[in-house]
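Accompanying notes for the structure given below.
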Ligand SMILES: NC(=O)c1ccc[n+]([C@@H]2O[C@H](COP(=O)([O-])OP(=O)(O)OC[C@H]3O[C@@H](n4cnc5c(N)ncnc54)[C@H](O)[C@@H]3O)[C@@H](O)[C@H]2O)c1
C-alpha cells in the first residue's frame, strides 16, 4: 500500500486525485486549510465513500512549516496542489498569494529535502508562467481568436511571470525544478491549462467552466471580461488524473521536468463557444454581461503536449464536449444539495 499525501486535497483536483488512489486501495492523507468555499462537500463525499483506515484528513496550512514537515514524513508520493488559485485575489492581496503559493511550496520542498528525500512530488503549476503571450498574433475569426503560433506553446517557451499569481506559482515551479537539480529531489512540474470536471466549485474568478455551467443551471447571467473570443485548451479531470499517474509511475524519466498539460488543439474552445454549447445543454440561451478585458489575459493559449506524450505516453481522451456534458450532469444533480 502506497502512502499518498495531497496538499489541497479537499479542492477540486485534490478530491478527485484522492478518490483515484483510494479506489486503488492506497493510503491517502489530505492536508488542507479548507479556505476554498464549498470544499467541505468534497471531504464529506470522500469520507462517506471510503474507509477511515485508508483516508486521513488533516486540517492545516502549508504556510506552517512544522505542520508541513509532520505530514510529509513517510509519504511515498506528494501531490502539492494547495494554493491560492485566483489572479484577482492575487492582485488584491499579493502577500497572501505569495505566502500560500511561493512560501507554501518552499515549505513542502524543505520538508521533503530534510526528512523524506525519496518521495516523488508532483506540483501543479500553470500555463500563466508563460505570461500574456503578447508576441502571439491573434486574429478574430467568428466566435474565437485564431493563431497558428499559439497552438504550439511547448516547454521551451520563455517564462514571463505576469500578475502576482503568475509570479507566486512561477516561483514554486522554478523552485521545484531547482530542488531536483541541486538536491536530487524527484519533483515533477505540470504547467496546466484550464482543468474542469465534477467536484469543482467554480467562481467568477477561478474555475470558469464550472462557474458558467452552474450559472446556466440556475438561470443566472455570467460576466465575460473582453470579447469572449479568447481561446483555451480545456482538459477534463479524468485526463489530468491519468497524466498524474503516468508521470509519477515514470518518475525516473519525469523527475526534474516540467510538462505542459492541457487539452491541446482538439479540445480548445472560446468562451463564446462554451456559452453556446452550455445553452444547447440547458435548452436556454445564457445571459452574458461584457466588461473590459483583464490585463495579461492570454488571447489564445493552446498547449503543445508532445513532451508528456513522449515521456509517459499520455494524451487526452475525453473530448471537450463530452467532458462539459459530464460536468453539466454532475452540477445539475448536485447543485441543490451543495
Ligand atoms: N483548476 C485549474 O484549472 C488549474 C489550472 C492550473 C493550475 N491549477 C493549480 O492546481 C491546484 C489545485 O487547483 P484546484 O482547481 O483544485 O483549486 P481548489 O481551490 O479547488 O483547490 C485548492 C485547495 O487548496 C486549499 N488551500 C488553499 N490555501 C491553502 C493553504 N494555505 N494551506 C492548505 N490548503 C490550502 C483550498 O482550501 C482548496 O481545497 C492549485 O495549486 C492551482 O493553482 C489549477
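Numbering (the numbering used here), first residue to last: 417 to 754.
We put the CB at the ideal spot given by N, CA and C, even for glycine.
Asked                                                                                                                                                : Found
Is it right to say residue 534 is buried, meaning 16 or more other beta carbons lie within 10 angstroms of its own, or is it exposed?                : exposed
Between residue 578 and residue 466, what straight-line distance do the alpha-carbon atoms span, to the nearest angstrom?                            : 40 Å
Look at the alpha carbon of residue 395 and the alpha carbon of residue 649, and state the distance between them as a whole number of angstroms.     : Nothing about residue 395 can be read from this structure; the chain reaches only from 417 to 754.
When every heavy atom of ligand 1 is checked, does at least one fall within less than 7 Å of the C-beta of residue 452?                              : yes
What alpha helix (DSSP H) runs, 4 residues minimum, are completely inside the region 655 to 709?                                                     : 667 to 670, 687 to 698
Judging by CA-CA distance, which residue of 417, 422, 421, 426 is the nearest neighbour of residue 614?                                              : 426
Starting from residue 595 and walking both ways along the alpha helix (DSSP H), at which residues does that stretch end?                             : 579 to 599
If I follow the unbroken beta strand (DSSP E) through residue 603, where does it start and stop?                                                     : 602 to 608
Could you give the uninterrupted runs of the beta strand (DSSP E) lying entirely in the region 498 to 563, keeping only those of 3 residues or more? : 536 to 542, 555 to 557, 560 to 562
Can you find a heavy atom of ligand 1 that lies under 7 Å from the Cβ of residue 618?                                                                : no
Going straight from the alpha carbon of residue 520 to that of residue 526, what length do you get?                                                  : 10 Å
How about residue 585: is its Cβ closer than 7 Å to a heavy atom in ligand 1?                                                                        : yes
Just to confirm the assignment: which complete alpha helix (DSSP H) runs, minimum length 4, are found wholly within the region 425 to 491?           : 428 to 439, 455 to 465, 481 to 488
Who are residue 419's beta bridge partners in DSSP?                                                                                                  : 443
For residue 504, verify whether its CB is less than 7 Å away from any heavy atom of ligand 1.                                                        : no
Please find out if some non-hydrogen atom of ligand 1 comes closer than 7 Å to the beta-carbon of residue 658.                                       : no
Would you be able to state if there are at least three C-beta pairs under 8 Å between the region 532 to 546 and the region 487 to 502?               : yes
For the candidate residues 678, 693, 715, 453, whose alpha-carbon lies nearest to that of residue 571?                                               : 678
Considering only DSSP beta bridges, list what residue 651 is partnered with.                                                                         : 611
Which partner residues of residue 616 appear in the DSSP bridge assignment?                                                                          : Answer is none; residue 616 lacks a bridge partner.
Residue 751 by DSSP, collapsed to three states: which one?                                                                                           : helix
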